[in-house]
Amino acid sequence: MTEHLGYEKHDAAGRGSGNSRNGTRSKTVLTEIGPVEIEVPRDVDSSFDPQIVKKRQRRLTGIDEIVLSLTAKGLTTGEISAHFQDIYGASVSKDTISRITDKVVGEMTEWQNRPLDRVYPVIFIDAVHVKVRDGQVTNRPMYVAIGVTVNGERDILGIWAGEGGEGAKFWLSVLTEIKNRGVADVCIVVCDGLKGLPEAINTVWELAVVQTCIIHLIRNTFRFASRKYWDAMARDLKPVYTAPSESAARERFAEFTQTWGQQYPAIIKMWDNAWSEFVPFLDYDVEIRRVICSTNAIESVNARYRRAVRARGHFPTEQAALKCLYLATRALDPTGKGKARWAMRWKPALNAFAITFEGRITPNGN
Numbered sequence: 002m003t004e005h006l007g008y009e010k011h012d013a014a015g016r017g018s019g020n021s022r023n024g025t026r027s028k029t030v031l032t033e034i035g036p037v038e039i040e041v042p043r044d045v046d047s048s049f050d051p052q053i054v055k056k057r058q059r060r061l062t063g064i065d066e067i068v069l070s071l072t073a074k075g076l077t078t079g080e081i082s083a084h085f086q087d088i089y090g091a092s093v094s095k096d097t098i099s100r101i102t103d104k105v106v107g108e109m110t111e112w113q114n115r116p117l118d119r120v121y122p123v124i125f126i127d128a129v130h131v132k133v134r135d136g137q138v139t140n141r142p143m144y145v146a147i148g149v150t151v152n153g154e155r156d157i158l159g160i161w162a163g164e165g166g167e168g169a170k171f172w173l174s175v176l177t178e179i180k181n182r183g184v185a186d187v188c189i190v191v192c193d194g195l196k197g198l199p200e201a202i203n204t205v206w207e208l209a210v211v212q213t214c215i216i217h218l219i220r221n222t223f224r225f226a227s228r229k230y231w232d233a234m235a236r237d238l239k240p241v242y243t244a245p246s247e248s249a250a251r252e253r254f255a256e257f258t259q260t261w262g263q264q265y266p267a268i269i270k271m272w273d274n275a276w277s278e279f280v281p282f283l284d285y286d287v288e289i290r291r292v293i294c295s296t297n298a299i300e301s302v303n304a305r306y307r308r309a310v311r312a313r314g315h316f317p318t319e320q321a322a323l324k325c326l327y328l329a330t331r332a333l334d335p336t337g338k339g340k341a342r343w344a345m346r347w348k349p350a351l352n353a354f355a356i357t358f359e360g361r362i363t364p365n366g367n
């Protein structure tokens, strides 16, 4: 209406303009959630043409998808209700919004239990921590596994709700479930340095190489250091994880220790403790290294999850948290599977995997 009239509500510029606001009129439209009454703005000379709900339009579609999209972005039921009031002048109750989001529970369960490929060159495992209000607000880990298929696609394998802090025992149950869904072999599992996790991984996939996530190592390095040193530290660490061999990496890390060890001894200790799970990375072809260090494909997922979790602050139930993260996953890809190409140079990487892990990689992953 403001654009149509050329001036804001109550603006003196509208005096004598020949046209002005003339309140609203009620209108009932049919939606997927039933009849909804909205308030349509009017002007004095009836020249205003509504853009969101057109004149004589009696059916409004896409309400469900709007609700699901806003939920995926982390909006609460109250905020979504207010959004509809602002945009449509319509009141959509919190209960109605909850019923819409509850419709995806069956879809989410089907997605969570779908069969998976027989082999994955790489699986990344991580946890997103959310606040759940269950009597009292507690931090709960939501476990996420992301696979790279033999076709070079990102495949989000599932999301699992844990209890208390992140633990290797729960990861063992998650990885066992993934195996039971058809994953017979994984070449490399990339994870953080959680105690007991390498043993849990090799219990499920005996031949899997356990690789400490380089991204986690660098991120944890920054947690111990002042922000003003992050860029310098990143530059000094790059020669370590891009070294051609373990001995060369040791030399570069000795230089890093000489520069930063006295000021930040905890960083040096952290890298020393993680070294045995870090060094397998150094034996790989550069193409395999690129796949493991591909931050974009991982961070695009993590960033989507973090935005949704931050926007909500906390969730009323575990199910609400799972729904939000599932809808965020669904929004990554129109097919609802969360798939995307991992890297543009996939064929060289596939060749490197096939040679390094001879006999374990098949062209179609089955």
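FYI, in the working numbering the residues of the sequence shown are 2 to 367.
Quick reminder that beta carbons are idealized off the backbone N, C-alpha and C, glycines included.
Put residue i into one of helix, strand or coil per three-state DSSP.
{"i": "Ile-356", "result": "helix"}
{"i": "Pro-317", "result": "coil"}
{"i": "Ile-219", "result": "helix"}
{"i": "Ile-362", "result": "coil"}
{"i": "Tyr-121", "result": "strand"}
{"i": "Gln-137", "result": "strand"}
{"i": "Val-27", "result": "In the sequence as displayed, the identity of residue 27 is Ser instead of Val. Ser-27 falls in the strand class under three-state DSSP."}
{"i": "Val-149", "result": "strand"}
{"i": "Val-205", "result": "helix"}
{"i": "Val-187", "result": "strand"}
{"i": "Phe-282", "result": "helix"}
{"i": "Phe-225", "result": "coil"}
{"i": "Lys-74", "result": "coil"}
{"i": "Lys-348", "result": "helix"}
{"i": "Leu-333", "result": "coil"}
{"i": "Gly-197", "result": "coil"}
{"i": "Lys-10", "result": "coil"}
Since residue i is in the beta strand (DSSP E), which residue starts that stretch and which ends it?
{"i": "Trp-161", "result": "154-162"}
Based on the DSSP secondary-structure assignment, which residues constitute the bridge partners of residue i?
{"i": "Pro-142", "result": "His-130"}
{"i": "Thr-213", "result": "Cys-192"}
{"i": "Val-68", "result": "For Val-68, which the question treats as bridged, DSSP gives no partner whatsoever."}
On a CA-only basis, which of the options is nearest residue i? Give me that one, please.
{"i": "Leu-323", "options": "Ala-267, Lys-132 and Ser-82", "result": "Lys-132"}
{"i": "Gly-360", "options": "Val-187, Val-175, Asn-274 and Ser-301", "result": "Val-187"}
{"i": "Ile-179", "options": "Phe-316, Ala-201, Leu-195 and Gly-197", "result": "Ala-201"}
{"i": "Leu-76", "options": "Phe-358, Arg-313 and Ile-157", "result": "Arg-313"}
{"i": "Trp-206", "options": "His-84, Val-120 and Leu-69", "result": "Val-120"}
{"i": "Ala-128", "options": "Leu-198, Cys-294 and Leu-71", "result": "Leu-198"}
{"i": "Ala-329", "options": "Tyr-265, Lys-10 and Ala-73", "result": "Ala-73"}
{"i": "Trp-347", "options": "Leu-71, Ala-275 and Arg-155", "result": "Arg-155"}
{"i": "Asn-181", "options": "Leu-117, Asp-286 and Phe-354", "result": "Leu-117"}
{"i": "Ile-293", "options": "Val-175, Val-210, Val-68 and Asn-203", "result": "Val-210"}
{"i": "Ala-267", "options": "Phe-223, Ile-160, Glu-278 and Ala-304", "result": "Phe-223"}
{"i": "Gln-264", "options": "Ser-301, Ala-275, Phe-225 and Tyr-242", "result": "Phe-225"}
What number of angstroms, rounded off, separates the C-alpha of residue i from the C-alpha of residue j?
{"i": "Glu-319", "j": "Asp-135", "result": "8 Å"}
{"i": "Val-106", "j": "Thr-139", "result": "23 Å"}
{"i": "Phe-257", "j": "Asp-193", "result": "21 Å"}
{"i": "Leu-195", "j": "Thr-97", "result": "41 Å"}
{"i": "Ile-299", "j": "Tyr-327", "result": "16 Å"}
{"i": "Pro-281", "j": "Gln-212", "result": "7 Å"}
{"i": "Phe-354", "j": "Ala-185", "result": "17 Å"}
{"i": "Ile-124", "j": "Lys-10", "result": "56 Å"}
{"i": "Glu-66", "j": "Val-310", "result": "20 Å"}
{"i": "Pro-122", "j": "Ile-81", "result": "41 Å"}
{"i": "Glu-252", "j": "Ser-277", "result": "16 Å"}
{"i": "Met-143", "j": "Ser-27", "result": "44 Å"}
Which residues bound the alpha helix (DSSP H) around residue i?
{"i": "Pro-116", "result": "No alpha helix (DSSP H) contains Pro-116, which DSSP labels as neither H nor E."}
{"i": "Ser-248", "result": "247-261"}
{"i": "Ala-169", "result": "169-181"}
{"i": "Phe-279", "result": "266-279"}
{"i": "Asp-384", "result": "With the chain running from 2 to 367 in the structure shown, residue 384 is simply not present."}
{"i": "Ser-99", "result": "95-103"}
{"i": "Arg-291", "result": "287-293"}
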